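In terms of the numbering used here, the sequence shown has 276 at position 272, counting the first letter as 1, and numbering is strictly consecutive.
C-beta: ideal position from N, C-alpha, C; glycine also.
All figures in this text were calculated on a predicted structure; none of them were measured in a lab.
Inspection log for the structure reproduced underneath, given as structure tokens.
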Amino acid sequence: MFSDLRRCLLVVVWVGASLFSSARAFSAADQPIFSGDRAFAWLERQVELGPRVPGTAANRSLRELILATAREHGLSATTQCLTVVDPLGGEEVEICNVVVTVRGTGGSREGRLWLGAHFDTRPISDHDPDPKRRGLPVPGANDGASGTAVLLHLMEILGDVPPPTEVNLLFFDGEDSGPAGDVNGFCLGSRHMAETWQEFGSPLAGPAPRGLILLDMVGQREVRIPMEGYSLQYAPQWTRSVFDRAAELGLTGLDPAPGRPVYDDHVPFLGQGIPAVDLIDFAYPEWHTTADLPAACSAASLRQTGALLLDLILRP
Ligand SMILES: [Zn+2]
Numbered sequence: 005m006f007s008d009l010r011r012c013l014l015v016v017v018w019v020g021a022s023l024f025s026s027a028r029a030f031s032a033a034d035q036p037i038f039s040g041d042r043a044f045a046w047l048e049r050q051v052e053l054g055p056r057v058p059g060t061a062a063n064r065s066l067r068e069l070i071l072a073t074a075r076e077h078g079l080s081a082t083t084q085c086l087t088v089v090d091p092l093g094g095e096e097v098e099i100c101n102v103v104v105t106v107r108g109t110g111g112s113r114e115g116r117l118w119l120g121a122h123f124d125t126r127p128i129s130d131h132d133p134d135p136k137r138r139g140l141p142v143p144g145a146n147d148g149a150s151g152t153a154v155l156l157h158l159m160e161i162l163g164d165v166p167p168p169t170e171v172n173l174l175f176f177d178g179e180d181s182g183p184a185g186d187v188n189g190f191c192l193g194s195r196h197m198a199e200t201w202q203e204f205g206s207p208l209a210g211p212a213p214r215g216l217i218l219l220d221m222v223g224q225r226e227v228r229i230p231m232e233g234y235s236l237q238y239a240p241q242w243t244r245s246v247f248d249r250a251a252e253l254g255l256t257g258l259d260p261a262p263g264r265p266v267y268d269d270h271v272p273f274l275g276q277g278i279p280a281v282d283l284i285d286f287a288y289p290e291w292h293t294t295a296d297l298p299a300a301c302s303a304a305s306l307r308q309t310g311a312l313l314l315d316l317i318l319r320p
């Protein structure tokens with residue numbers, strides 16, 4: 005009885021060890037899988053923190069979570085903080101971008117890829133159908149958390165599977181605090197990063213990237229991302245190359261049809277001559293309302309842009 009049990013345990017241990025080693029061998033030799041479920045868990049975790057409005061404890065908590073996740077996976081991460089005048093309230097507020105660097109296996113920084121998303125959320129729900137709720141902050145499941153969730157899950161993967169060339173993950177603060185209709189109040193963090201990226205001391209200083217891919221509102225159920233207008237106008241080649249890869253991978257959430265122009269965090273980089281594409285599905289009824297919740301989003305949608313970025317990272 006005893007020896008039978010011991011033999012049984014040995015078999016279990018051996019099977020466990022062989023499964024473990026084959027899983028390791030698979031991840032090293034083949035392309036890892038982007039998990040929509042894992043990204044969705046990151047989306048929910050952000051919403052649980054509360055609205056991530058600049059200057060609030062929830063915004064700081066998310067910044068710390070991004071930094072801690074990067075370091076836990078062996079990636080370097082730095083903040084870039086500046087004081088701005090809150091476009092809605094008029095008082096001074098500190099905003100902090102986060103830059104995470106994933107070093108390439110060859111050590112070369114040429115042709116690096118920039119991936120961005122804003123992690124702040126809007127302080128008011130000015131498009132809410134209920135006028136009484138328009139003063140409340142947006143929960144930001146799609147508008148803020150979706151793109152950030154994709155980048156957080158990519159960090160988990162890239163800690164184990166380094167890419168051939170360097171990748172920089174840009175988490176923007178202060179994207180969404182402007183008064184409706186006035187672009188000057190939006191994209192405060194990205195504007196600063198785009199204006200200073202070449203300066204000494206900037207976390208991005210170095211060779212020009214081959215391009216920037218921005219994720220914004222990529223989590224809504226049955227996502228359909230067209231070719232955003234400014235991306236197509238000012239970076240047509242880069243935009244088409246990204247959509248071509250999506251088609252090659254069978255990712256039907258990206259639709260290579262011209263879309264409306266959206267003033268977003270990619271515009272300041274286009275202004276600096278950097279090819280940039282905004283992956284955004286603006287047809288979202290919950291946009292800038294208190295219903296921008298995880299229930300309006302899906303893991304399957306997050307997988308669309310996640311799988312695309314992972315492929316572009318590993319097969320530049
Ligand atoms: Zn927004």
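Worksheet item: Short check: CB of D306 to CB of V222, under 8 angstroms?
Response: It is worth fixing the name first, because residue 306 is Leu in this sequence and not Asp. Contact flag set, yes.
Item to complete: Compute the beta-carbon to beta-carbon distance between F38 and I161, rounded to the nearest angstrom, for a pair I have assumed lies under 8 angstroms.
Response: 7 angstroms
Worksheet item: Does the Cβ of R49 lie closer than 7 angstroms to at least one heavy atom of ligand 1?
Response: no
Fill in: Cβ distance (whole Å) where V104 is taken to contact A81 below 8 angstroms
Taking the Cβ atoms as the reference, V104 lies roughly 5 angstroms from A81, within the contact range of under 8 angstroms.
Worksheet item: Does the segment 233 to 246 come within contact of the segment 267 to 282, defined as at least 3 CB pairs closer than 8 angstroms?
Response: yes
Fill in: Cα-Cα separation between A212 and R195, rounded to whole angstroms
17 angstroms
Item to complete: Please name the residue or residues paired with S80 in a DSSP beta bridge.
Response: T105
Worksheet item: Less than 7 angstroms between the CB of D285 and some heavy atom of ligand 1, yes or no?
Response: no
Fill in: Alpha-carbon spacing of G275 relative to L255, whole angstroms
29 angstroms
Practice prompt. List the endpoints of the continuous alpha helix (DSSP H) containing M159.
Written response: Start and end: A149 to L162.
Worksheet entry | For E226, the nearest candidate out of T243, P183, T309 and F204 (CA to CA) | Per the Cα distances, T309.
Worksheet entry | Collapsed DSSP secondary structure at A29 in the structure displayed | Residue confidence for A29 is low, a pLDDT of 35 falling below 50, so the modelled location carries little weight and cannot support an answer.
Worksheet entry | Three-way DSSP call (helix, strand, coil) for G120 in this model | G120 falls in the strand class under three-state DSSP.
Practice prompt. Note down, in chain order, each residue of its chain lying with its Cβ closer than 6 angstroms to the Cβ of I70, except the 5 sequence neighbours on either side.
Written response: V102 and F175
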